Amino acid sequence: MAERERRLTPPRGGVFVPRVQVLSQADVLRALTRIAHEIAERNHGLDDVVLIGLQTGGVPLAHRIAQVLEETEGVAVPVGLLDVAFYRDDLGIRPVLPEAVTDIPCDLTGTTVVLVDDVLFTGRTIRAALNALTDYGRSRAVQLAVMVDRGHRELPIRPDYVGKNLPTRFDEQVDVTLDGVVLGDVVPR
Amino acid sequence: MTALARTDAGGAGGGADGGSPATSRPRHLLSVADLGAEGIAEVLRWSDRFVEVGRRPNPKVPALRGKTVACLFAEDSTRTRLSFETAARRLSADVLGFQAAGSSLGKGESLRDTVRTVAAMGVDCFVVRHPSAGVPAQVARWVDAAVVNAGDGWHEHPTQALLDCATIRQVMAERRGVPVERTGTEIFDGLRVAIVGDVAHSRVARSEVLALAALGAEVTLVAPGSLLPPSLEGWPVTGVSHELDAVLPEVDVCYVLRLQLERGTGSFLPSVREYAATFGLTARRVAAMPEGSLVMHPGPMNRGVEIASEVADMGRSLVLRQVAIGVAVRMAVLFVLLAADHASSSAPHPAAATVARGAAEELVDD
């Protein structure tokens, strides 16, 4: 979850106390470059591929992957933004932000959607995102790219592209930005 | 029932709420004053999100699945009732609609008994329109559910004011070429708004003045003396005028109120025709308004009385746009009251100090 989101949802979110830097800035960029190549490889090119960054942590990652794809494949892949607040099963428990806009640039019917998020945890965000996507058309396939898979799945969901598998305790917190991946704890303030 | 459901939801997530649901946000929308500038800004931001939902091929989201919204309309209404019902349905809530005519109110049941009977069926939100001021507030005391005032007597019509603010903001953002999502409420700073017509008998006027003034606009009331309230104490207006022609060259928005002939407004005037001549917004008067200024009307319009037919249909008139954005704004209001319970507010939560560590993690990450 991005820093901005946490700042906007005090104090129930508590304060993030970093403990270990897991990936450096260079590591994150390398992982995103690899994921970009894997996306192009798996789909035999980028025809009808649409990247959709999940608000808010997945958005900068999706833009970065699109940038790499443009440089290496010479294709400008459409990038959409998706906020799943209205589709969550924990609405009313989990903070939602009015600022996190949804902006899907095209009809998704017939496209291959690559969802991009920062951390894959329980899988509930992705479940909500899959529901949300069906309201924008019937995509041919949906794939999932995450920077960190931290385990603890509560739903039968798996990622297609992973930056780093990171075993964690349930009560730890993973902070992902383009500047690196940090493992830490949330403590009440 | 609702209170119980809420406590459960809070308990599942926070675990340390001490059993009490969040109280930091309004449970009802009875008056614009319940929201304040911050609350209005929040509703406007959520409205942007629901405007986007309305543009989708399937303009419906499951946010209020399992919730029930009862629309209690004891007065004639087309746009407000349909707008609320559409809003609730687009959020996947179930809608109970009942009107005074054809309900057991007609058999002599008291309003209190009717409301409590309906509430017993498990209602999460009442949307109330009533010819008497204060009825929504009274309903809020009778039931556990959230209550939204959809117009009570001459008192208030908060969602109308909110949707008008949303309309102004959307148009102003477009004019400046800024995405509306990135527009705050600063565009209301110093915005000159004239509210013209039957202020005394208008619930819209009261809500409008409160909302616009809270956001920093300068509001001038324009009306014949007989159609102004006996006292303007507590009305945050910049000025009052009896001369429409003197005010129009210096307004950004001319908000025309409906002459409420069915409420006997006519008896406060020498004649409707004279009113139309002195206070009606005609094409000639619109020509005197500054370039790019806006014309708004809450509807339904008396064409040829307070607003000339050609003005109602001209480009700068926002009448239909107001209706369109109304659905998104009412979705925002229902969402904020029913779903975003402890969410989205950046205000400190009363249970903050006791949030358990594990629970906090669950809240912020996945």
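In order, the protein sequences belong to chains E and V.
The first sequence begins at 1 in our numbering and counts up one residue at a time.
The second sequence begins at 1001 in our numbering and counts up one residue at a time.
Beta carbons are placed, not taken as given, at the ideal position from N, Cα and C, and that holds for glycine.
A quick note: this is a predicted structure, and the numbers were derived from the prediction, not measured.
Residue i versus residue j: straight-line alpha-carbon distance, rounded
i, j, result
"Leu1111/V", "Val1043/V", "30 Å"
"Glu1109/V", "Phe1268/V", "35 Å"
"Ala1150/V", "Thr1167/V", "18 Å"
"Asp27/E", "Met1296/V", "56 Å"
"Asp1313/V", "Leu1320/V", "9 Å"
"Leu1248/V", "Arg1055/V", "35 Å"
"Ile1040/V", "Gly45/E", "47 Å"
"Tyr1255/V", "Leu1221/V", "10 Å"
"Leu1294/V", "Glu1085/V", "28 Å"
"His63/E", "Val1209/V", "43 Å"
"Leu120/E", "Thr72/E", "27 Å"
"Val1148/V", "Glu99/E", "24 Å"
"Val181/E", "Leu61/E", "12 Å"
"Arg1090/V", "Asn1058/V", "9 Å"
"Asp175/E", "Arg124/E", "18 Å"
"Ala1022/V", "Val1336/V", "In this prediction, Ala1022/V scores a pLDDT of 39, lower than 50, which makes its location untrustworthy; the coordinate-derived value is nonetheless stated afterwards. Roughly 13 Å between the two C-alpha positions."
"Asp192/E", "Gly1177/V", "Within the shown structure, residues of chain E are numbered from 1 to 189, placing residue 192/E beyond reach of any answer."
"Val22/E", "Leu1035/V", "44 Å"
Cβ neighbours of residue i in the same chain (closer than 6 Å, five flanking residues each side left out)
i, result
"Glu1310/V", "Ala1283"
"Ala1173/V", "Val1180, Thr1183"
"Ala1070/V", "Leu1096, Val1118, Val1123, Phe1126"
"Pro156/E", "none"
"Val1364/V", "Summary for Val1364/V: the model assigns pLDDT 42, below 50, so the residue's position carries little reliability; its value from the coordinates is reported in the next sentence. So no residue of the chain qualifies."
"Arg1203/V", "Gly1151, Trp1154, His1155, Glu1156, His1157"
"Val20/E", "Leu183"
Residue range of the alpha helix (DSSP H) that includes residue i
i, result
"Asp27/E", "25-42"
"Gly1326/V", "1319-1338"
"Cys1165/V", "1158-1176"
"Asp1245/V", "1244-1247"
"Phe1073/V", "Phe1073/V -> not in any alpha helix (DSSP H); beta strand (DSSP E) instead, spanning 1068-1073."
"Ala141/E", "Counting along the chain, Ala141/E falls outside any alpha helix (DSSP H), though it belongs to the beta strand (DSSP E) covering 141-149."
"Gly1292/V", "Here Gly1292/V belongs to no alpha helix (DSSP H), and DSSP marks it neither H nor E."
Range of the contiguous beta strand (DSSP E) that encloses residue i
i, result
"Gln173/E", "172-177"
"Glu1218/V", "1218-1222"
"Asp1152/V", "1146-1152"
7 Å Cβ shell around residue i - same chain, five flanking residues per side excluded
i, result
"Arg1367/V", "For residue 1367/V there is no data in the structure shown, the boundaries of chain V being 1001 and 1366."
"Leu1338/V", "Leu1064, Lys1067, Asp1124, Cys1125, Ala1146"
"Ala66/E", "Leu51, Val77, Val79"
"Leu1163/V", "Gln1322, Ile1325, Gly1326, Val1329"
"Pro1158/V", "Leu1029, Ser1031, Val1032, Asn1149, Ser1207"
Other residues of its chain near residue i: CB distance less than 8 Å, five sequence neighbours each side excluded
i, result
"Asn1302/V", "Arg1258, Leu1259, Leu1261"
"Val17/E", "Gly184, Asp185, Val186, Val187"
"Arg1116/V", "Trp1142, Val1143"
"Ala1213/V", "Val1219, Pro1236, Val1237"
"Pro1290/V", "Pro1249, Glu1250, Val1251, Asp1252"
"Asp179/E", "Gln25, Val28"
"Phe1279/V", "Val1196, Gly1197, Val1222, Ala1223, Pro1224, Leu1244, Glu1306"
Near-chain V residues of the stretch 94-107 of chain E (beta-carbon distance less than 7 Å), N- to C-terminal order: Arg94, Pro95, Val96, Leu97, Pro98, Glu99, Val101, Thr102
At least three beta-carbon pairs within less than 8 Å, the stretch 1050-1066 of chain V to the stretch 90-107 of chain E: yes
Touching by the beta-carbon criterion (3+ pairs, under 8 Å), the stretch 1125-1143 of chain V and the stretch 1304-1323 of chain V: no
Contact between the stretch 1074-1082 of chain V and the stretch 1126-1137 of chain V (3+ Cβ pairs under 8 Å): yes
Cβ pair count under 8 Å reaching 3, the stretch 100-113 of chain E against the stretch 135-145 of chain E: yes
Where the stretch 1262-1290 of chain V meets chain E: residues whose CB sits under 8 Å from a CB there: none
At least three beta-carbon pairs within less than 8 Å, the stretch 26-40 of chain E to the stretch 156-168 of chain E: yes
Contacting positions in the stretch 1205-1220 of chain V - beta carbon closer than 8 Å to chain E: none
Contact set between the stretch 80-92 of chain E and chain V, restricted to residues whose Cβ is under 8 Å from the partner: Asp83, Ala85, Phe86, Tyr87, Asp90, Leu91, Gly92
Chain E contacts made by the stretch 1052-1065 of chain V, where a contact means CB separation under 8 Å: Glu1052, Val1053, Arg1056, Pro1057, Asn1058, Lys1060, Val1061, Pro1062, Ala1063
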